[in-house]
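As structure tokens, the structure follows; a few thoughts come after it.
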Amino acid sequence: MATFSSKIVTIERHTLQQQQFRPGATGALTQLLNDIAASAKIISREVRRAGLGDILGDDGSVNASGDDVKKLDVYADKAIYRMNDHTGRVCVMASEEQEEIIPIPDKFASESAKYVLMFDPLDGSSNIDCNASIGTIFSIHLRQSKGAHGTLEDCLQPGCKQVAAGYVIYGSSTVMVYTTGYGAHGFTLDSTLGEFLLSHENIKIPDAGKIYSINERDTHSWTPNLQRYVAWLKEEDAETRRPRTSRYIGSMISDVHRTLIKGGVFMYPGTVKRPDGKLRLQYEVNPLAFVVEQAGGCAITEDGGRVLDLQPTELHQRTSVFMGSKNDVDECAAFLDGSHPALA
Ligand code: P6P
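The opening position of the sequence shown corresponds to residue 764 in the numbering used here, with each subsequent residue numbered one higher.
So, in structure tokens, the structure goes:
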């Protein structure tokens, strides 16, 4: 007789269990992750009723990235700030929506606050009004500074120093994926309970996929090797899994989540207009690269370097990125550096 073995694990219990892998842990990171999960529930509720609450559309302002700010962007940004500004766990925050680092109010600031929280409160917000999936991305570092307030330098650490990272995708269901360096784990929100329940334990990205994801609008401004790679993907050759399928939602969170689950490669290269690409290193690419690597995948920049090894110099700096299944990223890297046999 089949044994029914799907255990019910809440994200609160899971983060507590993961704490045992961190000797000397005080529980602050566990509580910070649960604070982020709580923020996600608040944001998810608003996203789910966006069409009804007259919350659609622009609020008329422009953010640090130069993007039109949607009302939901502002709502999500404030929800994460208000959840974390008073807990004594976070010494400084940074957000795509705010030009400068976000200090903790003096009355809550403390030198015992251990963590730095950076986030894109609502990635893909240009898709809000057409009901495409959007998401929240977060990155957590240990502070390096002393004193009550965290500093800009605390927010300019390389991705390999992240102690935790993850994202929440507000799609057909709300799913939160996080890692603390011990695998990548996904939780689906049961909104009737208000609980994130374990649904994707220890995610492993397929070693090779059939999907490539890139905005082909920019084909003319890619490097010749990248143009050749994408053209090669479209050729017929069963032995090398070609032609591959093209999928591009235009919401990084959705394109990367699909890549994580189904395999393949997500690419946002440099272009003539933006030589470093469009995506932000500190609170978009680094956290997703951490998750993808923890799931057994890879994340590189156009020069072939590991994303997580980049040393940031500016808070909102951009980077090119090629991330996904190891075989696909290795294949892409061979085209980018000109060594692939198909270029001979
Ligand atoms: P493009 C959404 O605006 C976003 O920041 C990412 O979520 C997404 O991957 C990218 O921009 C899409 O950019 O140039 O293809 O429209």
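Backbone N, C-alpha and C fix where the C-beta goes; we use that ideal spot for every residue, glycine too.
In this text the structure is predicted, and so the values were computed from the model without any measurement.
Please tell me whether residue 859 and residue 892 are closer than 7 Å, where the distance is taken between their beta carbons.
Not in contact: residue 859 and residue 892 (Cβ atoms no closer than 7 Å).
Helix or strand or just coil, what does DSSP make of residue 843?
helix
Below 6 Å CB to CB, which residues in the same chain sit around residue 791 once its five sequence neighbours on both sides are set aside?
852, 877
Which residue from 912, 802, 937, 1098 puts its Cα closest to that of residue 811?
The residue with the shortest Cα to Cα distance from residue 811 is 937.
Using the Cβ count rule (16 or more neighbours within 10 Å means buried), how would you classify residue 1001?
Answer is exposed; the Cβ neighbour count stays below 16.
Express the C-alpha separation of residue 1034 and residue 996 in angstroms, rounding to a whole number.
20 Å
Beta-carbon separation (whole angstroms), residue 867 vs residue 879, contact threshold 8 Å:
With a Cβ gap of about 11 Å, residue 867 and residue 879 do not count as contacting.
In whole angstroms, what separates the C-alpha of residue 783 from that of residue 888?
Rounded to the nearest angstrom, the two C-alpha atoms are 36 Å apart.
Nearest CA to the CA of residue 912: which residue from 872, 934, 1047, 1051?
872
Applying the criterion that 16 or more other CB atoms from any shown protein chain within 10 Å of the CB defines a buried residue, is residue 987 buried or exposed?
exposed
With three or more beta-carbon pairs closer than 8 Å as the criterion, would you say the stretch 957–964 touches the stretch 1074–1084?
no
Cut-off 7 Å between Cβ atoms - residues of its own chain near residue 773, not counting five sequence neighbours on either side
958, 959, 960
Using only CA atoms, which one of 901, 955, 982 lies nearest to residue 800?
901
Close-in-space but distant-in-sequence residues of the same chain around residue 1032 (CB under 7 Å, 5 per side omitted)
In its chain, beyond the 5 residues on either side, 985, 989, 1040, 1065, 1083 have a beta carbon closer than 7 Å to the beta carbon of residue 1032.
Confirm the yes/no value for this check: CB of residue 978, any heavy atom of the ligand P6P, distance under 6 Å.
yes
Quick one: Cα of residue 1109 to Cα of residue 998, how far?
Residue 1109 cannot be examined here, being either before or after the span of the chain that is shown, 764 to 1107.
Report the option in 1037, 1016, 972 whose CA atom is closest to the CA atom of residue 1009.
972
Give the straight-line distance between the Cα atoms of residue 931 and residue 769, rounded to the nearest whole angstrom.
22 Å
In its own chain, which residues sit with a C-beta less than 8 Å from the C-beta of residue 982, not counting the 5 before and 5 after it?
Result list for residue 982: 990, 993, in chain order.
Decide if residue 847 is buried, meaning its Cβ has at least 16 other Cβ atoms within 10 Å, or exposed.
Answer is buried; the Cβ neighbour count reaches 16.
Give the straight-line distance between the Cα atoms of residue 828 and residue 822, rounded to the nearest whole angstrom.
15 Å
Measuring CA to CA, which of 919, 935, 905 is closest to residue 926?
905
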